[in-house]
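>
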Amino acid sequence: MVYTITVHLYANSDPASVDKLKAKLTEASRVYSKDKETLDWFVMQSTQDPRSFTIVERYENEG
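Numbered as in our numbering, the sequence shown ends at 173 without a single skipped number.
Laid out in structure tokens, this is it:
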């Protein structure tokens, strides 16, 4: 069975905060994607609201 977690988050309106969050999420994706039980770890940024991010995490096992 595959377990999926979806996270929606928003940066504050400061453009520097958006850039910093984007960089941290990109780094997190690289780290978490290497975990042996992680199937996927995607980060998406809205094209309509650059402050809006969605993370989709997919795992082989619950836990």
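Backbone N, C-alpha and C fix where the C-beta goes; we use that ideal spot for every residue, glycine too.
Return the residue from the list I165, Y169, T116, M111 that minimises the CA-CA distance to D145.
Numbered from 1 along the sequence shown, position 35 holds the residue referred to as residue 145. The option with the nearest alpha carbon to D145 is Y169.
> Kindly identify the DSSP beta-bridge partner or partners of Q155.
As a first step, residue 155 must be located in the sequence shown, where it is residue number 45. DSSP output for Q155 lists F163 as bridge partner(s).
> Excluding the 5 residues flanking T114 on each side, which residues of the same chain have their C-beta closer than 6 angstroms to its C-beta?
The sequence position of residue 114 within the sequence shown is 4, counting from 1. So the qualifying residues of the chain are R168.
> With 16 as the cutoff for other CB atoms within 10 Å, does A188 come out buried or exposed?
Given a span of 111 to 173 for the chain in the structure shown, any question on residue 188 remains unanswerable.
> Mind checking which residues open and close the beta strand (DSSP E) that includes V117?
Start at 1 with the first residue of the sequence shown, and residue 117 comes out as number 7. From DSSP, the beta strand (DSSP E) with V117 extends over 113 to 120.
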